[in-house]
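So the structure is just underneath, and the comments pick up after that.
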Amino acid sequence: MRFYEYESRAIVAKAGIPVTKHGFAKTALEAREIAEEIAGPVVIKSQVLTGGRMKAGGVQFAETPDEAARQAEHVLALEINGHMPRGVLVDSRAAVKHEYYAGVVWDGIRKQPVMLFSDMGGIDIEEVAEQHPDHVARGHFSTLRPFSDWQAKQVIASLGISGTELNRLTPILARLARLFLEYDMTLAEINPLSQLEDGAFVALDAHMDMENEARPRQQELLRELGVGDEETRQAREATPFELAGEEVDAQDHRGVAGNVTEFDGNLGLVIGAGGGSLTLFDAVRAHGGRPANYCEIGGNPSVRKACGLAKLVLQKPGVDRIAVMMSIVSNTRVDIVARGVIKACIELGYDPAEKIAIFRIPGAWEEEGFKILAKYGVDYADRSVSLDGAAARAVEKVGTG
Amino acid sequence: MSILVDENTTFIVQGITGREAVNLTRECLDYGKGAKIVGGVTPGRRGRDVHGVPVFDTVAQAVEHHGGPIDGSVVTVPPAFTKDAVFEALENAIKLVVIVTERIPRGDVAQMVELAREREARIIGPNCLGVIVPDVIKMGGIGGPARDAAKSYSPGPVGVISRSGGMTTEMSSTLTAAGLGQSTAVSIGGDAIIGSSYAELMPLFEADPETEAIVIYTEPGGRMEAELARWVTEHHSRLPIVAFMAGRFMDEMPGMSFGHAGTIVEGKEDTATEKIARLAEAGIVVAEEISQIPAIVAEQIAERAGAAS
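Sequence order for the protein chains is F and B.
Numbering follows the numbering used here, in which position 387 of the first sequence is assigned residue number 1166; successive positions increment by one, without gaps.
Numbering follows the numbering used here, in which position 165 of the second sequence is assigned residue number 248; successive positions increment by one, without gaps.
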């Protein structure tokens, strides 16, 4: 879950990392007030969850509070990569001497967090790592033992940094490492970490990502920042269709029938489980099919849930038929899913034999399931038909056009 | 032969009184030669039994009752309590921990893995279905009820490693239908950080005389495939590997996660396209469809046999 810059700044400030005087504004009027308080030149930065805001004109400079209000009005109305800003950050314009980079991410191979530090800040760290590898220092650290400041010092000093700089940078990187673990971040980045003309260091921009799985135990921080449970902060906002899918899944706690993502094709998909869904979605596309959606069912959902998901997909505009397909199930029951999708067709006034292009779910309770499907004349397949073969059969029925 | 477990393996089930755990216990007791489940742990439920398996409050009580070291544990407790349960298993000298639970934050997983390393133990998962040695033993929900597992899995020369529990069974069933059995199939879990990756299981398969080839199921997200490619190149593995890559469509949708928590594409190296290239460079054949896998495996085994003679 990604944080806005103004939230990320609040998080680093809370951890004791210095930031410049700034404020978050939702209107031009609020922006003027913040600029007045700063009483000097300011930067107006669009608050969007996407990159490239500088290029898009989402960062503007102002000398006076009046100009700040005008610039804020402009930035607030500016759409960037399909995102409207949530507000603007009004930041004091600092006289910068040098820019550094400080970050912490997970290393899935070492299975430990890793600190990244560079004396070439202000640009993308992956670019620096590629072009100037000798300017990026790394250091893994334990999650079992308390973090100790020398670990941060060692990383920074390995770039040849010494003197006051080393002693001022060490606690900043150490605090970043600690907040990374404390708040269950998957990315904690300060870029640039700027040294001002007077020698002080400040976080001029920060980027934080929190692990979705940790949201339940990070309620205190999220409440403090005003982030509600309804904010998914996905790469793109959820569509009404996708939100309806979440509602279906939330009906009861048995199994999963959700994780819906909207596409614009004519073949509705009721597919599962995790890996099966990925495989089947690829297979439909490989055969020239146009999926109307992605979704996942599994973990033994109730008839009601399977029915709810099938109904949702069947009612999506542009959907001709649905394909009900899963990899071999061991926990989910074939007969329950069969009953759910047939019920959905009938309740919507459709003939299941017509609307269900293919039903391919082998495994637990398959004899019972196949009996029900045969009774309603639904085209079904057992494990002798591959996932790919089932997808091909469904695409053949709805066409590729 | 097999890897990780065999017919003599003893294990406990932590969280044994939960609905899914009760089913899992039944399935494991019924499968193959019958799992030696020597106890279950649910705090506050000491004195009960689940399908004849005695329930204890602590792992230490289970070990004491057994009268000696216990080999493994299947952990099926809710995410907020998983770390504590795994620590308890590790500190009571259990050497193989299968974590079924999903939605555990990475910080917790990293701590479990680190402690496991210090105790010279191994973790499989989290977010996995466990391990199966066809007709011998299964440890975890893999393959489902004994009757269903018997339909999909058969003994033979192929080691299976998969980031998806369901696809472990789908691929094994395809191999079985083509007359290619499995030495051991391992569902390693779908999270970004897991206890045992492909490359970490390869030395075990390499040392298992029965295993002649490896089949892996893989997805976008993470660097585990690059790690495997590196391992294969550096160790001149005797085992041919056939891979199947799902989620190719995700390359067009950076920043979004589908299927499993670990699938999010954060950088260029995480994409399906990049991974396929890495695997191919290391001589790992990437099948376009699962139905092609048995023929490729058979061909690769024959090729290596021909080269060896």
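Each residue gets a CB set at the ideal place from its N, CA and C atoms; glycine is no exception.
Do you know offhand how far residue i's Cα is from residue j's?
i                       : j                       : result
residue 393 of chain B  : residue 123 of chain B  : Only positions 84 to 392 of chain B appear in this structure, which leaves residue 393 of chain B out of reach.
residue 833 of chain F  : residue 785 of chain F  : 16 Å
residue 866 of chain F  : residue 943 of chain F  : 37 Å
residue 875 of chain F  : residue 976 of chain F  : 6 Å
residue 1033 of chain F : residue 1082 of chain F : 10 Å
residue 209 of chain B  : residue 182 of chain B  : 5 Å
residue 972 of chain F  : residue 916 of chain F  : 15 Å
residue 989 of chain F  : residue 1010 of chain F : 13 Å
residue 1151 of chain F : residue 1108 of chain F : 17 Å
residue 314 of chain B  : residue 289 of chain B  : 12 Å
residue 1111 of chain F : residue 1145 of chain F : 10 Å
residue 864 of chain F  : residue 821 of chain F  : 18 Å
residue 386 of chain B  : residue 324 of chain B  : 13 Å
residue 303 of chain B  : residue 129 of chain B  : 43 Å
residue 1038 of chain F : residue 929 of chain F  : 44 Å
residue 364 of chain B  : residue 356 of chain B  : 12 Å
residue 1027 of chain F : residue 1035 of chain F : 9 Å
residue 912 of chain F  : residue 352 of chain B  : 17 Å
Do you know whose CA, among the options, lies nearest residue i's CA?
i                       : options                           : result
residue 862 of chain F  : F/829, F/868, F/847 and F/905     : F/829
residue 307 of chain B  : B/328, B/280 and B/375            : B/280
residue 149 of chain B  : B/166, B/191, B/359 and B/93      : B/93
residue 1088 of chain F : F/1123, F/1109, F/1078 and F/1106 : F/1123
residue 1067 of chain F : F/816, F/1178, F/873 and F/781    : F/1178
residue 143 of chain B  : B/168, B/282 and B/163            : B/168
residue 927 of chain F  : F/884, F/836, F/837 and F/894     : F/894
residue 939 of chain F  : F/1139, F/898 and F/969           : F/898
residue 358 of chain B  : B/218, B/318, B/140 and B/309     : B/309
residue 295 of chain B  : B/284, B/266 and B/318            : B/266
residue 1097 of chain F : F/907, F/1020, F/974 and F/910    : F/1020
Counting only C-beta atoms, is residue i closer than 8 Å to chain B at any point?
i                       : result
residue 1137 of chain F : no
residue 1073 of chain F : yes
residue 1064 of chain F : yes
residue 1053 of chain F : yes
residue 1041 of chain F : no
residue 923 of chain F  : yes
According to DSSP, simplified to helix, strand and coil, what is residue i?
i                       : result
residue 320 of chain B  : coil
residue 1058 of chain F : helix
residue 212 of chain B  : coil
residue 1095 of chain F : coil
residue 885 of chain F  : strand
residue 923 of chain F  : coil
residue 294 of chain B  : coil
residue 128 of chain B  : coil
residue 966 of chain F  : strand
residue 1012 of chain F : coil
residue 781 of chain F  : strand
residue 870 of chain F  : strand
residue 1121 of chain F : helix
residue 1042 of chain F : coil
residue 101 of chain B  : coil
residue 1075 of chain F : strand
residue 234 of chain B  : helix
residue 205 of chain B  : strand
Where does residue i land, buried or exposed, given buried means 16+ other C-beta within 10 angstroms?
i                       : result
residue 259 of chain B  : buried
residue 801 of chain F  : buried
residue 807 of chain F  : buried
residue 1090 of chain F : buried
residue 1079 of chain F : buried
residue 885 of chain F  : buried
residue 1160 of chain F : buried
residue 919 of chain F  : exposed
residue 141 of chain B  : exposed
residue 317 of chain B  : exposed
Would residue i count as contacting chain F if we go by Cβ distances under 8 Å?
i                      : result
residue 300 of chain B : yes
residue 134 of chain B : no
residue 364 of chain B : no
residue 390 of chain B : no
residue 85 of chain B  : no
residue 218 of chain B : no
residue 310 of chain B : yes
residue 339 of chain B : yes
Any heavy atom of the ligand MG closer than 7 Å to the CB of residue i?
i                      : result
residue 806 of chain F : You won't find the ligand MG in this model; it holds no ligand whatsoever.
Quick one, which residues of the stretch 182 to 211 of chain B are near chain C if we go by CB-CB under 7 Å, in chain order?
The chain inventory of the structure shown lacks chain C, comprising the protein chains F and B.
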